[in-house]
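Undergrad:
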Amino acid sequence: MQEFTAKIKQMLLLNECSGDTSLIYKFSDADGVRTGRSGYSYGISQFDIENNWEAILTLMDCGFRPKDLKRLYLQQGDISDLNKILEASADYIDEADNRHIADMIKHCNIFNAIDDDLTLAMIIDYHNQLRFDIGGKLHRHLLGMLEDGREIDANTIYQFKLSHTLWGKKRPDDVERRYKNTREVFCG
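Written out as structure tokens, the structure is:
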């Protein structure tokens, strides 16, 4: 299990931070245009402070004050001082990433039919980026496949993401990049 968890971390680092470890402890803007839809992110998992309450609680544990969080929400001005606080809180960020990764592995490993690490990793990557909700689109799709006796593999998740998500239709290049990264980590 430790080896699988280490590979998930490696996959997330590639998929979320393009392999750049310097981005773990700096706030980044996921959509790159500061629309406020995605908010600033941090950590290996790229915790989105706009959409993830746990991300905000972690920042509060790191000593961020309400006025600091407001600056991050507004995405205006220089935040280099806030990046210094984040960098000084590396241990907290690492703990939050470790908890999040353990929770994702547990959450996404709901099908006894999936015994392939690559396929599970693809579901985990989907969940980290888009949310794999029980009863959600991907979950219903996979259940339907299992009921029909069809096999689920990594390509199933890749194809679903391309054809059934807004992100896949808008950014097929990113979906392909993430798939290739995941295959590289798990298949060599």
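Anchor point for the sequence shown: position 188 equals 188 in my numbering, and the numbering is continuous, going up by one each time.
We put the CB at the ideal spot given by N, CA and C, even for glycine.
What's the C-alpha gap between residue 19 and residue 150?
TA: Residue 19 and residue 150: Cα-Cα distance of roughly 34 Å.
Undergrad: Could you tell me the distance, in whole angstroms, from the CA atom of residue 187 to the CA atom of residue 126?
TA: Distance between the alpha carbons of residue 187 and residue 126 is about 18 Å.
Undergrad: Would you mind listing the beta strand (DSSP E) stretches within the segment 82-145 that are 3+ residues and don't spill past its ends, in chain order?
TA: Fully enclosed beta strand (DSSP E) runs of 3 or longer: not present.
Undergrad: How many angstroms separate the CA atom of residue 181 from the CA atom of residue 129?
TA: Between residue 181 and residue 129, the C-alpha separation is close to 14 Å.
Undergrad: Note the first and the last residue of the continuous beta strand (DSSP E) segment covering residue 41.
TA: Note, residue 41: beta strand (DSSP E), 40-42.
Undergrad: Would residue 223 be called buried (16 or more neighbouring beta carbons within 10 Å of its own) or exposed?
TA: One cannot answer for residue 223 here, as it falls past the ends of the chain, which runs 1 to 188.
Undergrad: Once the 5 residues before and after residue 54 are set aside, which same chain residues still bring their CB inside 8 Å of it?
TA: If we look at residue 54 and ignore the five residues flanking it on each side, its Cβ neighbours are 47, 96, 100.
Undergrad: Only counting the same chain, and skipping five residues up and downstream in sequence, which positions put a Cβ closer than 6 Å to that of residue 62?
TA: These residues qualify, in order along the chain: 89, 92.
Undergrad: May I ask you to verify whether the segment 75-83 touches the segment 142-156, counting CB pairs closer than 8 Å and requiring at least 3?
TA: Too few Cβ pairs lie closer than 8 Å, so no.
Undergrad: Decide if residue 60 is buried, meaning its Cβ has at least 16 other Cβ atoms within 10 Å, or exposed.
TA: Exposed is the call here.
Undergrad: Is residue 45 helix, strand or coil when you go by DSSP?
TA: Note: residue 45 maps to coil in three-state DSSP.
Undergrad: In the DSSP assignment, what are the bridge partners of residue 28?
TA: DSSP output for residue 28 lists 41 as bridge partner(s).
Undergrad: Would you mind stating whether residue 175 and residue 11 have Cβ atoms separated by less than 8 Å?
TA: Cβ atoms of residue 175 and residue 11: not closer than 8 Å.
Undergrad: Counting along the chain, where does the alpha helix (DSSP H) carrying residue 52 start and finish?
TA: Here residue 52 belongs to no alpha helix (DSSP H), and DSSP marks it neither H nor E.
Undergrad: Look at the Cβ atom of residue 27, then the Cβ atom of residue 117, and state whether they are nearer than 8 Å.
TA: Result no, Cβ atoms of residue 27 and residue 117 do not sit closer than 8 Å.
Undergrad: In chain order, what residues of the same chain lie with their CB nearer than 8 Å to the CB of residue 56, ignoring the 5 residues before and after it?
TA: Cβ within range, chain order: 49, 69.
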